[in-house]
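First residue of the sequence shown? That's -4 in the numbering used here, and the numbers climb one at a time after it.
Have a look at the structure below before the remarks.
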Amino acid sequence: MPVSRPRRGVVTGYLMKLIRESIPASQEQLAEHLGVDRGTVQGWESSRRSFTAVPHGYSLAIRQRLVRLGGHRTLLHALDRAAEADLLIGQILDSDPADAVDNHPLGWSVLNHAVTDLISWAVSGAEPRIIQHANLSPAERRGPTAAGPSLDAADRRRFFENLRMLADRAASNDDVILLHRQACYLGSLDRTGAPAAWLAPAGTFPYFHRAQPWTPRWVDARSVATSLARQGDRQPLRDFITHAHCDDQSELAGLNYWAFWVGEIDQQQPDDRFMADSSLRWRGTTLLRHIADRLDADHAFIDLNVHTLWALMQARPGVAQAAADTASLLVTRAERLMDAAELSERSRRDLTAVLYGLRVQGFDHGRESLVMADAEAAGAMSFIFEAGVLKRAARTGWWFVGEKSPETVAEHSFRVGIIGAVLAAMEGADASRVGLMGLLHDSQETRVTDIPHIGRRYLDATPNEKITADQIASAPEPVRAMIQSVVDEYEARQTIEAIVARDADKLECLVQAVEYREAGYQNVQPWIDSSLAALKTDSARRLAEEALRGDTLRWQRTFAGTD
C-alpha cells in the first residue's frame, strides 16, 4: 500500500495543548512567542492542521522554543512518540481491505509501550502513564473541553474494524507475523467486547497446548494470549506461560521483549528476531518498576507480570539492590497479591519464590513505611546462601563411571583449595591466593550446574567471569572487587597462582578417580589420563605420581603405628 499522509493528528494536537498549558500560555500568547497566528496554534491543537505535517526543521525550532518558554520536558520528549501514534492511527483508518498486507505500516517495526499507550489514549480514552506521572496542574479552560485526544464514534468503529480485517488477512502468512500480532493487540483495545469473538479461533495455537521452542510464532501467540486476556479470558495466557515458557531461550525472548517494551532497549526493531539475541544488554530496573506498578490481581496480564518478575530476578539477581525503593514496594504488593483468589497456582509459586528472594536480600516492610535492611550485608549474604547450593550440586561427570551419588561441587572445591595451597608452597606461589581460587573456581555452577565434558560439545556456556559478576552484583564493592579479581585471574591462566590453581583442580580430579578405583569402579582411567596430561607444574606431577600408587589410607596406618 502506498504511504499516504495521515489525515489526523489528534494525539500530537492534544499533547501540544498540554505543553502550552504547562508554560502556561494562552493560544494568543504562544502564537506571539512562536511568530505565528492564533489560528495556526489552534489548528495544531485541534488537529485540523496536524503538527506532524510541519516540516522537520521548523518543528525542531518550535520545540526548542517551547523548551525555552518552560514547556513540560516530559511532554515535549513524547512528541516523537505521539507523531508515530498519529501516523499509525491514520494509516489504520485509511486501510483499504483490497490492498495487500505485506507493506502495511503496522508491520514495519515493533511497537513499544510508549507508542501503544498513546494510541490507546485516542481510541479508548485510557490515560497513558506519561500523563499520569507528569503531575500537571489543572488548567483554566473556558467551557467544556475534551479530557484527552479522541476519535469520533465512526472513526473508532472503522479503526477497530480495519484492525480485525488486517489480523484476519495476515493470520496465516508467515511473512507478516508482526502485522498480525500487532493488529490483534491494538484490536483488543476495543472495549465493546467484539474482539473476543474474532480472536477466539487463535486459541488453537500449539503454544497454548504443548511445549514449543521459540520461533517468531511464539511472540505471535503471546500477543493473541494477552489480547484475549484484555478481553476477559485469562486462560490462554496462563496456558501460554505453562507451555511456551519452557526453556531458557523462551525466557530470554520474553525478557528481551519486555526490555524493549518498556524502553530499556531503545533501538527501533524491524521485526521480532531481536528477542532471541543473548548479547543484548539492559539493566532491568525500568522493567522492575513497570511490573511493580502493575502487580494487581485485577490487571488483565497479572499472570504474565508475575512470571516475568520471577524470570527477571533469576536473570538479573542484582536488580532488586539496584532499585531498592521499587523492591521494597514489591514486597508489600506481592504479599497483598498472595491472598488474591484470582491468582493461578503457577503464579502463586512464582510469587512465593520472588518474595523469598527479596527477603533473603534484606527487603521487608513495617508499619506504614517501607524499609530495607542493611543492603550491603544482604547482598553479601545472598552470595553466601547461593554458594551453599554447591553442597548439594553433584559432580555429574562421575555418573559415567557408575557412581550414582558422586561427590558434590563443594566437596571437590574444598580439596582443590587444600591441594592448591600445598602446591603453592612447593612452587613458591601465594598459597592464600591459590587456595581462594580453588574455593571459587567452580562457584558459577550454582547457575549452570556441572556440565560433563561430553555435554560441552552441545552447549555454548556463558563465560565464568560474567556469571560471577551476576552472582556478586548486589554485594559490597570490596567484596565484588575481591571475588571478581580472583575469578578473572583464574580464568586468564597467566599468573603462577592461576596455573597452580588449575593444576590443583586437575590433580583433585585425579585423586578422586584413584579413590573411586579403589572403591571398585573400573572405568576411571580416562579421567586419570586427561588430568595427568593437563598438569603444568613439576610439583603437581610429583604428587600425581604418588597418588597413582593408590595408597589412600597410608595416613591412617602411620597414625596407628602399623605401617
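Heads up, the beta-carbon is just placed ideally off N, CA and C, and yes, glycines get one too.
*Given residue 509, which residues of its chain have a CB within under 6 Å of its CB, disregarding the five upstream and five downstream residues?*
Same-chain partners within the cutoff: 542 and 545.
_Segment contact, 8 Å Cβ cut-off, at least three pairs: the region 9 to 20 with the region 82 to 102_ = No, because fewer than three Cβ pairs between the region 9 to 20 and the region 82 to 102 fall closer than 8 Å, the two stretches do not touch.
*Given a threshold of 16 other Cβ atoms within 10 Å of its Cβ, counted over all protein chains shown, does residue 30 qualify as buried or as exposed?*
Around the Cβ of residue 30, a 10 Å sphere holds fewer than 16 other Cβ atoms; the residue is exposed.
*For the 8 Å Cβ check, are there 3 or more pairs between the region 163 to 177 and the region 101 to 112?*
With a cut-off of 8 Å on Cβ pairs, the region 163 to 177 is in contact with the region 101 to 112, counting three or more such pairs.
*Measure the Cβ-Cβ separation of residue 433 and residue 415 and say whether it is below 8 Å.*
In this structure, residue 433 sits near residue 415, with a CB-CB distance shorter than 8 Å.
*Between the region 368 to 378 and the region 393 to 405, do at least 3 Cβ pairs fall closer than 8 Å?*
By the Cβ rule, the region 368 to 378 does not count as touching the region 393 to 405, because fewer than three pairs are nearer than 8 Å.
*Report back the beta-carbon spacing between residue 113 and residue 80 to the nearest angstrom; my notes put them in contact at under 8 Å.*
That belief holds up - the Cβ atoms of residue 113 and residue 80 are roughly 4 Å apart, short of 8 Å.
*asked:* Considering only their Cβ atoms, is the gap separating residue 146 from residue 5 smaller than 8 Å?
replied: Yes; because the gap between Cβ atoms is below 8 Å, this pair is in contact.
_Helix, strand or coil, according to DSSP, for residue 1 in the structure here?_
With a pLDDT of only 43 at residue 1, under the threshold of 50, the placement of this residue in the model should not be trusted, and no figure is reported.
*Check whether the Cβ atoms of residue 259 and residue 278 lie closer than 8 Å to each other.*
For residue 259 and residue 278, yes; Cβs fall inside 8 Å.
*Could you tell me which residues DSSP puts in a beta bridge with residue 403?*
According to DSSP, residue pairing for residue 403 in a beta bridge involves 389.
*Is residue 12 helix, strand or coil by DSSP?*
Of the three classes helix, strand and coil, the one that applies to residue 12 here is helix, per DSSP.
*Could you give the distance in angstroms between the alpha-carbon of residue 231 and the alpha-carbon of residue 219?*
Distance between the alpha carbons of residue 231 and residue 219: 8 Å.
*Leaving out five residues on either side along the sequence, give the residues of the same chain with a beta carbon under 6 Å from the beta carbon of residue 531.*
Apart from the 5 residues on each side of it in sequence, residue 531 sits with its Cβ closer than 6 Å to the Cβ of 494 and 498 in its chain, given in chain order.
*Would you identify the three-state DSSP class for residue 511, choosing helix, strand or coil?*
In the structure shown, residue 511 falls within a helical segment according to DSSP collapsed to helix, strand and coil.
*Considering only residues of the region 115 to 170, which uninterrupted alpha helix (DSSP H) runs meet the minimum length of 4 residues and lie entirely inside it, listed in chain order?*
Listed in chain order, they are 124 to 127 and 148 to 165.
*Could you tell me which of 291, 308, 351 and 206 sits nearest to residue 336, measuring between CA atoms?*
Distance check between residue 336 and each of 291, 308, 351 and 206 places 291 closest, using alpha-carbon atoms only.
*asked:* Do residue 326 and residue 350 count as a contact pair if the criterion is CB distance below 8 Å?
replied: Yes, the Cβ-Cβ distance between residue 350 and residue 326 is below 8 Å.
*Using DSSP with H/G/I as helix, E/B as strand and the rest coil, what is residue 227?*
Three-state DSSP puts residue 227 in coil, outside helix and strand.
*Take the Cβ of residue 128 as the centre, count every other Cβ of all protein chains shown within 10 Å, and call the residue buried at 16 or more, exposed below.*
Result: exposed.
*In the DSSP assignment, find the alpha helix (DSSP H) that holds residue 300 and state where it starts and stops.*
Its alpha helix (DSSP H) spans residues 297 to 310.
*Mind checking residue 165: buried by the 16 CB within 10 Å criterion, or exposed?*
Buried, because 16 or more other Cβ atoms sit within 10 Å of the Cβ of residue 165.
*My understanding is that residue 255 touches residue 105, with C-beta atoms under 8 Å, so please give their C-beta distance in whole angstroms.*
Rounded to the nearest angstrom, the Cβ distance from residue 255 to residue 105 is 7 Å, consistent with a contact under 8 Å.
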